[in-house]
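Asks: Provided herewith is a single structure, encoded as structure tokens, for subsequent inquiry.
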Amino acid sequence: MNAKKMIAAALAAGLLAALPAAPAGALGLPNITASTTMEEIRANESLIASGFNTYDRNIFIPEQPWMYDSWTLEEYLGGTAPDAAQGLNLVIDNYNHGVQVTYKIYTPEEIAADPRKDEVELYYFPAKTENTKYALVVPGNMYEKSAKMREGCSVSYQMHEMGYASFVLRYSVGRDNSDNAAYNDLVRAVQFITEHAEMFGVQPEDYALVGFSAGGQMCGVFGTSRMGYKNYGLPKPGALLLGYPVINYMYGKPVYFYLYDGAEPGDSLAPGDYYYNIEIDAEVDGDFPPVYHWFGLNDATLMLMDIFCQGPALDKALEANGVPHKMVVFQNARHRSSVGTGTDAAGWLYDAVDFWEEVTAQQ
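In the numbering used here, the protein residues as written are 736 to 1098.
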């Protein structure tokens, strides 16, 4: 589908999705803490009605509704649980005040043709005031699950406290992620927000993409001339704010290629065929968006993919091409640290937002 058709489809989807979501029946209280059990969280009437998906465990076996009921949010998510709890309370509070939280970004016709698209959603966290910049949060994933609470809710709560609007993308994962589905979801999400910026009360320009791990790699692809924003006639991101991003999938490429895209022995990968084959550092040019990125030296996931081919390689390419950038390396910040609570990376998002504001003010 070309860019004009995709934008037209997004507009049609927006007209259908923009119906008001007035609360009906019993309302849940925004009283979630790190000690609240998953059973209690998933029983919250407002959270259920909002449509926000709370299945966030990074496991290969699909999570079932009865799993982890007795676990607290802290046991479920780890150190970022207090931030995620605040984000979930924000979802509840928004819904209780009549805000539509969940938006489908594909049309009913597209979903009918490909039912997998029904699970692709945007979760909206409005700012305290109108006409603000916005951030689109693209969580990481472990092939089968995306970290919508761990990273999405945590970032969105802090963005809200800083005065920004944000959106969390629930994108295609696992066997739904064939034919560049996850990356196409990201493109569609930016198109959708751009087309409906007035409805959301956000500025369509100078937005930030906040990406983690695999989500960070997709944000990087969006900045490239080969597959990025220019190919869809979309505004250039004001900045990419990336936590422990995958820059080069290295040995992970065959997992996607053979398991999800149905490759057979003898098939070969070429740059541009699939987003996960893009090595971001090799694609950086002078039109690449400004980048703030960080990782921890004890990040075992990036170590397995050669940590020097990840953040350091990206930073070298950004420097060589004159792209505004800042790389921060922490001693203790493992993969999936999210906003960094309990690690050396705590507060990184505030530093990244300062960078975002600085580079957009200079453009």
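Every residue gets a Cβ at the ideal spot worked out from N, C-alpha and C, and that includes glycine.
Taking C-alpha atoms, which residue in HIS931, ASN824, GLU810 and THR772 lies nearest to LEU762?
Replies: LEU762 has its Cα closest to that of ASN824, out of HIS931, ASN824, GLU810 and THR772.
Asks: Assuming the contact rule is C-beta atoms closer than 8 Å, ASP996 and LYS880 should be a hit. Round their C-beta distance to whole Å, please.
Replies: Between LYS880 and ASP996 the Cβ distance is about 19 Å, and since that is not below 8 Å, they are no contact.
Asks: By Cβ distance below 8 Å, which residues in the same chain neighbour GLU774 in space, the five residues on each side in sequence not counted?
Replies: Around GLU774: ASP804 and SER805.
Asks: Assign MET962 to buried or exposed, taking buried as 16 or more other Cβ atoms, counted over all protein chains shown, within 10 Å of its Cβ.
Replies: Its Cβ being crowded by 16 or more others within 10 Å, MET962 is buried.
Asks: Considering only residues of the same chain and omitting the five flanking positions on each side of THR1078, which have a CB-CB separation below 8 Å?
Replies: The answer, listed in chain order, is GLY814, GLY1031, PHE1065, ASN1067, ALA1068, ARG1069 and SER1072.
Asks: Considering only DSSP beta bridges, list what THR807 is partnered with.
Replies: THR807 is bridged to THR772.
Asks: Rounded to whole angstroms, what is the Cα-Cα separation between ALA1087 and PRO1059?
Replies: Each residue's Cα considered, the two are about 12 Å apart.
Asks: Please classify MET897: does DSSP put it in a helix, a strand, or coil?
Replies: Three-state DSSP puts MET897 in coil, outside helix and strand.
Asks: According to DSSP, simplified to helix, strand and coil, what is GLU1093?
Replies: Reduced to three states, the DSSP call for GLU1093 is helix.
Asks: May I ask you to report which of helix, strand or coil DSSP gives ALA1081?
Replies: Coil.
Asks: Nearest-angstrom Cα distance between PRO1025 and GLY973?
Replies: Straight-line Cα distance between these residues: approximately 7 Å.
Asks: Classify THR842: buried if its beta carbon has 16 or more other beta carbons within 10 angstroms, exposed otherwise.
Replies: The residue in question, THR842, is buried, as its Cβ has 16 or more Cβ neighbours within 10 Å.
Asks: Kindly indicate which three-state DSSP category THR867 falls into: helix, strand or coil?
Replies: Three-state DSSP puts THR867 in a strand.
Asks: Considering only residues of the same chain and omitting the five flanking positions on each side of SER770, which have a CB-CB separation below 8 Å?
Replies: So the list reads THR807, LEU808 and GLU809, once near-sequence residues are dropped.
Asks: Classify VAL990: buried if its beta carbon has 16 or more other beta carbons within 10 angstroms, exposed otherwise.
Replies: When all chains shown are included, VAL990 counts as exposed.
Asks: Report the CB separation of PHE927 from LEU857 in whole angstroms; it is logged as a contact under 8 Å.
Replies: With 8 Å as the limit, PHE927 and LEU857 qualify as a contact, their Cβ atoms being about 7 Å apart.
Asks: Going by the beta-carbon positions, is the gap between GLN821 and TYR892 smaller than 8 Å?
Replies: Result yes, Cβ atoms of GLN821 and TYR892 sit closer than 8 Å.
Asks: Just mark GLY1057 as buried or exposed, buried being the case when its beta carbon has 16 or more other beta carbons within 10 Å.
Replies: The residue in question, GLY1057, is exposed, as its Cβ has fewer than 16 Cβ neighbours within 10 Å.
Asks: What number of angstroms, rounded off, separates the C-alpha of ALA1080 from the C-alpha of ALA848?
Replies: If I take the Cα positions, the gap works out to 43 Å.
Asks: Measuring CB atoms only, is the segment 909-916 touching the segment 939-953, in the sense that at least three cross pairs come out at less than 8 Å?
Replies: With a cut-off of 8 Å, the segment 939-953 and the segment 909-916 do not count as touching, because too few Cβ pairs lie within range.
Asks: How is ALA757 classed by DSSP in three states: helix, strand or coil?
Replies: Since pLDDT at ALA757 reaches only 48, below the 50 mark, its modelled position is unreliable, and the value read off the structure follows with that caveat. Three-state result, ALA757: coil.
Asks: Please determine, among THR837, VAL836 and TYR906, the residue with the shortest C-alpha to C-alpha distance to VAL855.
Replies: Nearest option by C-alpha distance: TYR906.
Asks: Quick test of your reading: ILE982 and GLU1018, contact by CB under 8 Å. State the CB separation rounded to the nearest angstrom.
Replies: Not a contact, Cβ separation roughly 10 Å.
Asks: For LEU764 versus VAL826, is the C-beta distance shorter than 8 Å?
Replies: Their beta carbons are not under 8 Å apart, which means LEU764 does not touch VAL826 by this criterion.
Asks: Kindly identify the DSSP beta-bridge partner or partners of PHE1065.
Replies: Per DSSP, GLY1031.
Asks: By the DSSP assignment, the alpha helix (DSSP H) with THR929 in it spans what residues?
Replies: Where THR929 is concerned, the enclosing alpha helix (DSSP H) stretches over 916-930.
Asks: Assign ALA974 to one of three DSSP states: helix, strand, or coil.
Replies: Of the three classes helix, strand and coil, the one that applies to ALA974 here is strand, per DSSP.
Asks: Can you look up LEU857 in the DSSP assignment and give me helix, strand or coil?
Replies: In the structure shown, LEU857 sits in a strand (DSSP, three-state: E or B).
Asks: Among LEU1053, TRP1091, GLU845 and THR772, which residue has its Cα nearest to the Cα of ALA916?
Replies: Selected option, being the one with the closest Cα: GLU845.
Asks: Under DSSP, the alpha helix (DSSP H) around LEU1049 begins and ends at which residues?
Replies: That run of the alpha helix (DSSP H) goes 1046-1055.
Asks: Mind checking which residues open and close the beta strand (DSSP E) that includes GLY946?
Replies: 943-947 is the extent of the beta strand (DSSP E) around GLY946.
Asks: Between the C-alpha atoms of HIS832 and LEU977, what's the straight-line distance to the nearest angstrom?
Replies: In a straight line, the C-alpha of HIS832 is about 32 Å away from that of LEU977.
Asks: Assuming ASP726 and LYS1051 are in contact, meaning their beta carbons sit under 8 Å apart, how far apart are those beta carbons, in whole angstroms?
Replies: Examination of residue 726 is not possible in this model, given that the chain is present from 736 through 1098 alone.
Asks: Just to confirm the assignment, what range does the alpha helix (DSSP H) spanning TYR830 have?
Replies: Taken as a continuous stretch (DSSP letters only), the alpha helix (DSSP H) holding TYR830 covers 816-831.
Asks: Can you grab the Cα-Cα spacing for the pair TYR829 / LEU994, in whole Å?
Replies: At residue 829 the sequence reads Asn, which differs from the Tyr that was named. Approximately 39 Å between the Cα atoms of the pair.
Asks: Work out the CA separation of GLU896 and GLY887 for me, nearest whole Å.
Replies: Going from the Cα of GLY887 to the Cα of GLU896 covers about 14 Å.
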